[in-house]
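Trainee: These protein sequences, in sequence, are chains A and B.
FYI, in the numbering used here the residues of the first sequence are 305 to 686.
FYI, in the numbering used here the residues of the second sequence are 305 to 686.
Here a beta-carbon is modelled for each residue, glycine too, at the ideal position from N, C-alpha and C.
Source: prediction; values computed, not measured.
What follows is a single structure, and I will ask about it in a moment.
Protein chains: 2
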Amino acid sequence: MPARIRSANSSSGTGVLRNLNRSLVLKTLWQRPGLSRSELARELGLAKSTVSVVVAELLEEGLLREGEEMPGGVGRPSRALELDREKNLVLAWEISVDYLAVRLQNLMGEVRRGQDLELGPDPDPSACLDRLAQASRELLRGLGHSVYLRGLCLSVPGLVEPQHGHLTLAPNLGWQDLPLLEMLGHKLAQHRIRVETPPILENEANTAALGVYTLGEWRVANLAYLSLGIGLGSGLVLDRQLFWGSHGHAGEIGHVPLDPQGPPCRCGKRGCAETFVSLKAWRADPTEAGLERMADKLGLLLAQLLNLLDPDVVVLGGPLVEEIGPRLLPLARAAARRYALEQAARTAQIVLSPFGRDTAILGAGVLAIRAFLEAQRSGVGA
Amino acid sequence: MPARIRSANSSSGTGVLRNLNRSLVLKTLWQRPGLSRSELARELGLAKSTVSVVVAELLEEGLLREGEEMPGGVGRPSRALELDREKNLVLAWEISVDYLAVRLQNLMGEVRRGQDLELGPDPDPSACLDRLAQASRELLRGLGHSVYLRGLCLSVPGLVEPQHGHLTLAPNLGWQDLPLLEMLGHKLAQHRIRVETPPILENEANTAALGVYTLGEWRVANLAYLSLGIGLGSGLVLDRQLFWGSHGHAGEIGHVPLDPQGPPCRCGKRGCAETFVSLKAWRADPTEAGLERMADKLGLLLAQLLNLLDPDVVVLGGPLVEEIGPRLLPLARAAARRYALEQAARTAQIVLSPFGRDTAILGAGVLAIRAFLEAQRSGVGA
DNA sequence: GGGCTAAAGTTCGAGACATGAACATATTAC
DNA sequence: GTAATATGTTCATGTCTCGAACTTTAGCCC
Numbered sequence: 305m306p307a308r309i310r311s312a313n314s315s316s317g318t319g320v321l322r323n324l325n326r327s328l329v330l331k332t333l334w335q336r337p338g339l340s341r342s343e344l345a346r347e348l349g350l351a352k353s354t355v356s357v358v359v360a361e362l363l364e365e366g367l368l369r370e371g372e373e374m375p376g377g378v379g380r381p382s383r384a385l386e387l388d389r390e391k392n393l394v395l396a397w398e399i400s401v402d403y404l405a406v407r408l409q410n411l412m413g414e415v416r417r418g419q420d421l422e423l424g425p426d427p428d429p430s431a432c433l434d435r436l437a438q439a440s441r442e443l444l445r446g447l448g449h450s451v452y453l454r455g456l457c458l459s460v461p462g463l464v465e466p467q468h469g470h471l472t473l474a475p476n477l478g479w480q481d482l483p484l485l486e487m488l489g490h491k492l493a494q495h496r497i498r499v500e501t502p503p504i505l506e507n508e509a510n511t512a513a514l515g516v517y518t519l520g521e522w523r524v525a526n527l528a529y530l531s532l533g534i535g536l537g538s539g540l541v542l543d544r545q546l547f548w549g550s551h552g553h554a555g556e557i558g559h560v561p562l563d564p565q566g567p568p569c570r571c572g573k574r575g576c577a578e579t580f581v582s583l584k585a586w587r588a589d590p591t592e593a594g595l596e597r598m599a600d601k602l603g604l605l606l607a608q609l610l611n612l613l614d615p616d617v618v619v620l621g622g623p624l625v626e627e628i629g630p631r632l633l634p635l636a637r638a639a640a641r642r643y644a645l646e647q648a649a650r651t652a653q654i655v656l657s658p659f660g661r662d663t664a665i666l667g668a669g670v671l672a673i674r675a676f677l678e679a680q681r682s683g684v685g686a
Numbered sequence: 305m306p307a308r309i310r311s312a313n314s315s316s317g318t319g320v321l322r323n324l325n326r327s328l329v330l331k332t333l334w335q336r337p338g339l340s341r342s343e344l345a346r347e348l349g350l351a352k353s354t355v356s357v358v359v360a361e362l363l364e365e366g367l368l369r370e371g372e373e374m375p376g377g378v379g380r381p382s383r384a385l386e387l388d389r390e391k392n393l394v395l396a397w398e399i400s401v402d403y404l405a406v407r408l409q410n411l412m413g414e415v416r417r418g419q420d421l422e423l424g425p426d427p428d429p430s431a432c433l434d435r436l437a438q439a440s441r442e443l444l445r446g447l448g449h450s451v452y453l454r455g456l457c458l459s460v461p462g463l464v465e466p467q468h469g470h471l472t473l474a475p476n477l478g479w480q481d482l483p484l485l486e487m488l489g490h491k492l493a494q495h496r497i498r499v500e501t502p503p504i505l506e507n508e509a510n511t512a513a514l515g516v517y518t519l520g521e522w523r524v525a526n527l528a529y530l531s532l533g534i535g536l537g538s539g540l541v542l543d544r545q546l547f548w549g550s551h552g553h554a555g556e557i558g559h560v561p562l563d564p565q566g567p568p569c570r571c572g573k574r575g576c577a578e579t580f581v582s583l584k585a586w587r588a589d590p591t592e593a594g595l596e597r598m599a600d601k602l603g604l605l606l607a608q609l610l611n612l613l614d615p616d617v618v619v620l621g622g623p624l625v626e627e628i629g630p631r632l633l634p635l636a637r638a639a640a641r642r643y644a645l646e647q648a649a650r651t652a653q654i655v656l657s658p659f660g661r662d663t664a665i666l667g668a669g670v671l672a673i674r675a676f677l678e679a680q681r682s683g684v685g686a
């Protein structure tokens, strides 16, 4: 009989219930900071005593912070609880086509410090990671010893293999088939940056989707993010979860055929969405007529998304949106109404990302936070 | 302070752990019948004693059955456990365009008895339900008193509103805006059919997708089912869950625009997928050329699905497939390869439904079973 | 056939944990 | 100042899982 490590996947055992409740409390306070112990108990259907114990544990570990007393009427005032904004930080990294970025975020996703770095053409992967680590080191300087770096996520414009953190293909960087997550791990070690939860590598459209979903104003179940840049990609949040598909390629709409007789695409086919809707297409024809044609094709794409996935919100972002978003949006909305099912077009909102150029990196932070909170489920604490 | 009913949504309280473990055992035995207590314990990471207690409870309630001893080598032989195939049945109903169908299935999805009924044009909803209930009554006759009817699901070719069980629109039946689930409840009461779990109303493509996913040979996470009939619809199983979208309209691909200059569609737009890929299109041009054109357009649609969702399997079913499936399949595969991303086209299988005309109704049974097992989580037992 | 080994399933005491009632605490209302 | 009210804590109780010891039932070997 093989030696059997404590089965990690499944259900019960010592501490499962406690972990479940820890996780519930953390998740609830993440979404709705400022609740009191009593409110948590009511909300979660737990006994007040149980919540008190769990909260005490989490306070002890530095995960929660007790706020001021909140005089709310008759009776003893309650004490607001929230994730400790000071003690717990995550690093978000972004490699974009023409810049690198680092952000230090707290558990609420708020940016505490950040830095952007120029990036020349034909960047070297190892050098990029070095610069990111270097910049992070500086941002972390002088933060005090009671501050924990809870997680890290790197957002890249390319196809990521989710299991091992390989970067399969990043055409706009000229990279392919890199063990990027492994390299990242080595750089962190070299630069003496200790992260509690294993680092994460993720596609830029996916982090952006998760970021907008989490930090945006919409409390919805299904959201699609369209990343309009040199190429065209998308990230999907379905039933409140980031959707990867079976091989991590979900959302690759850049090469959906919109017109089999259309112009040739770098992928070898003709009339891919990317040939109509992208920075490249805009550069080729930056006129009002070009804009209208682009919006029309974008409408076709939106119709596919709306009819197939019935989302609450579709968010447009990326460099092209930075450039012409406000002009593009009304045309795209009209085109979507023209092509999509009436119900879908009526119920779904189409909006621009409220976070501009920072959308993807904010989402990377969110992903790191989620991974950390997830890991807390079965953790023995800090 | 308002009177507070035992919070149903959330976590813990008396018996939560036990319910979790009950649910785990049931789910595991559903997917892999014949496991022993020991194997379950190993599989789930539970103590043998715990599994024994839970299993004893479930045996008591008639949910599980203990099989013969399985001599497997040295040591005391184990006893196979499985969901009790005899004592627990569900009803699956289907209203199709030209027939009604009833199936009595056990918890493994196997059909024990069934009946098909002819259906004339312009069917009356109430009469349909009456005939279904009547037929069910006969199928149930003489089943013994220790047999429980655990659930019921009705599959319909139309748009369903998930919350209240309204049938919003079923163009091919000429029905719209019917409180079909409520009517169904009344009919059951009239015909003295007692079902333990609340009946379910679901779109035909969705039940079919779930059925193929569950009863098919593929053990996958993501599957799309295309229903090719008078119209064109699809059902999506994403991350092992049936996907509805935000308003229950996910998968409505019949009116995705494939060619803005195409023929007019009954929906008022031009060049909808349905105008190219459907029984109607085939009837209009049942030639080799027509077949090739249809396959080409189907390829466009498949490319959208494959690129956007990265599924493991796409299953084709419905009346059109019954008629020309084997001729259509190779052409559709070729077209998909022509239009989809290479990776997606290579990794995803495109197949015909192995269950033919019964795909949707088998899936309805599966949905009823899942609902019942789900309800067992917090149930106090039969 | 008898003893040994191996595996399945059961029994039982110990420990973890959620619960609810009683209690302490802090505020408003009068 | 006293009553009312709500928050948060303490503690005895009961549920449930766990692991170790034990029973049962088989194969293996002499």
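Among A:Ala585, A:Trp479, A:His449 and A:Arg454, whose alpha-carbon lies nearest the alpha-carbon of Gly462 (chain A)?
Mentor: A:Trp479
Trainee: So if I threshold CB-CB distances at 8 angstroms, which residues from the stretch 604-618 of chain B count as touching chain A?
Mentor: Leu604, Ala607, Gln608, Leu609, Asn611, Leu612, Leu613, Asp614, Pro615 and Asp616
Trainee: Taking just the CA atoms, how far does Leu344 (chain A) sit from Pro381 (chain A)?
Mentor: 15 angstroms
Trainee: Measure from the alpha carbon of Glu578 (chain A) to the alpha carbon of each residue in B:Gln565, B:Asn611, B:Leu546 and B:Val415, then state which is nearest.
Mentor: Nearest option by C-alpha distance: B:Asn611.
Trainee: If you measure between the beta carbons of Leu532 (chain A) and Val581 (chain A), is that distance less than 8 angstroms?
Mentor: yes
Trainee: Mark Gly603 (chain A) as exposed unless 16 or more other C-beta atoms lie within 10 angstroms of its C-beta, in which case mark it buried.
Mentor: buried
Trainee: How about the stretch 639-657 of chain B and the stretch 407-417 of chain B: do they share at least three Cβ pairs that are nearer than 8 angstroms?
Mentor: In the pairwise beta carbon analysis, the stretch 639-657 of chain B is classified as not touching the stretch 407-417 of chain B: fewer than three pairs are separated by under 8 angstroms.
Trainee: Whose C-alpha, out of A:Ala588, A:His559 and A:Leu620, is nearest the C-alpha of Cys576 (chain A)?
Mentor: A:His559
Trainee: Helix, strand or coil: which one does DSSP assign to Leu321 (chain B)?
Mentor: helix
Trainee: Measure the alpha-carbon distance for Glu556 (chain A) versus Asn476 (chain A) and round it to whole angstroms.
Mentor: Distance between the alpha carbons of Glu556 (chain A) and Asn476 (chain A) is about 15 angstroms.
Trainee: Taking C-beta pairs closer than 7 angstroms, name the residues in chain A that His470 (chain B) reaches, listed in chain order.
Mentor: Going along chain A, no residue has its Cβ under 7 angstroms from His470 (chain B), so there is no contact; the nearest lies around 14 angstroms.
Trainee: Following the continuous alpha helix (DSSP H) through Leu606 (chain B), name the residue where it begins and the one where it ends.
Mentor: Taken as a continuous stretch (DSSP letters only), the alpha helix (DSSP H) holding Leu606 (chain B) covers Glu592 to Leu613.
Trainee: Return the residue from the list B:Trp397, B:Asp428 and B:Pro337 that minimises the CA-CA distance to Ser440 (chain B).
Mentor: Cα-wise, what sits closest to Ser440 (chain B) is B:Trp397.
Trainee: Are any of the Cβ atoms in chain A nearer than 8 angstroms to that of Ala509 (chain B)?
Mentor: Judged by the 8 angstroms Cβ criterion, Ala509 (chain B) is not in contact with chain A.
Trainee: Does Leu404 (chain B) come within less than 8 angstroms of chain A when only Cβ atoms are used?
Mentor: No, no contact with chain A.
Trainee: Excluding the 5 residues preceding and the 5 following Gly622 (chain B) in the sequence, name in chain order all residues of the same chain whose CB lies nearer than 6 angstroms to its CB.
Mentor: Ser531, Leu532 and Gly533
Trainee: Report the option in A:Leu613, A:Ser550 and A:Leu453 whose CA atom is closest to the CA atom of Leu645 (chain A).
Mentor: Closest by alpha carbon: A:Leu613.
Trainee: Let me confirm a value: Tyr517 (chain A) is counted as buried when at least 16 other C-beta atoms fall within 10 Å, else exposed. Which label applies?
Mentor: buried
Trainee: For Cys457 (chain A), does the three-state DSSP call read helix, strand or coil?
Mentor: Residue state, collapsed to three classes: strand.
Trainee: If you measure from the beta carbon of Thr518 (chain A) to each beta carbon in chain B, is any gap under 8 angstroms?
Mentor: No, because no Cβ of chain B sits closer than 8 angstroms to the Cβ of Thr518 (chain A).
Trainee: Counting contacts by CB-CB distance shorter than 8 angstroms, is Ser353 (chain A) in contact with chain B?
Mentor: Not closer than 8 angstroms to any Cβ of chain B, the Cβ of Ser353 (chain A) fails to qualify, so no.
Trainee: Just to confirm, does Leu362 (chain B) get its C-beta within under 7 angstroms of one of the non-hydrogen atoms of the ligand GTP?
Mentor: In the structure shown, the ligand GTP is absent, as is every other ligand, since no ligand is present at all.
Trainee: Quick one: does Asp420 (chain A) have its CB under 8 angstroms from some CB of chain B?
Mentor: no
Trainee: With C-beta atoms as the reference, is Met412 (chain A) less than 8 angstroms away from Arg389 (chain A)?
Mentor: Cβ distance < 8 angstroms, so Met412 (chain A) and Arg389 (chain A) count as in contact.
Trainee: Tell me where the alpha helix (DSSP H) around Ile628 (chain B) begins and ends.
Mentor: Pro623 to Tyr643
Trainee: Does the CB of Asn323 (chain B) have a neighbour CB from chain A at under 8 angstroms?
Mentor: no
Trainee: Can you list the residues of chain B that Val560 (chain A) reaches, using a CB-CB cut of under 8 angstroms?
Mentor: Ordered by position in chain B, the residues that pass the 8 angstroms Cβ test against Val560 (chain A) are Ala607, Gln608, Asn611 and Leu612.
Trainee: Can you tell me whether Asp707 (chain B) is helix, strand or coil according to DSSP?
Mentor: Any answer about residue 707 (chain B) is impossible in this case: the structure gives chain B only from 305 up to 686.
Trainee: So if DSSP puts Trp479 (chain B) in a beta bridge, which residue, or which two residues, is it bridged to?
Mentor: B:Ala474
Trainee: Counting beta carbon pairs with one atom in the stretch 539-554 of chain B and one in the stretch 508-515 of chain B, are three or more of them shorter than 8 angstroms?
Mentor: yes
Trainee: Which bits of chain B does Thr651 (chain A) rub up against, with CB to CB less than 9 angstroms?
Mentor: Ser550, His551 and His553
Trainee: Count the other C-beta atoms from every protein chain shown that fall within 10 angstroms of the C-beta of Ser450 (chain B), then say buried if there are 16 or more, exposed otherwise.
Mentor: exposed
Trainee: Would you decide whether Ala312 (chain A) is buried or exposed? Buried here means 16 or more other CB atoms lie within 10 Å of its CB.
Mentor: Only weak support exists for where Ala312 (chain A) lies, its pLDDT of 32 falling under 50; the coordinates are left without a value.
Trainee: Check whether the stretch 533-542 of chain B and the stretch 622-632 of chain A are in contact - that is, three or more C-beta pairs closer than 8 angstroms.
Mentor: No contact exists between the stretch 533-542 of chain B and the stretch 622-632 of chain A.
Trainee: Closest to Ile654 (chain B) by CA distance: which of B:Leu633, B:Ile673, B:Gly667 and B:Leu666 is it?
Mentor: B:Leu633
Trainee: At the 8 angstroms Cβ level, is Leu671 (chain A) part of the contact set with chain B, yes or no?
Mentor: Output row for Leu671 (chain A): interface = no.
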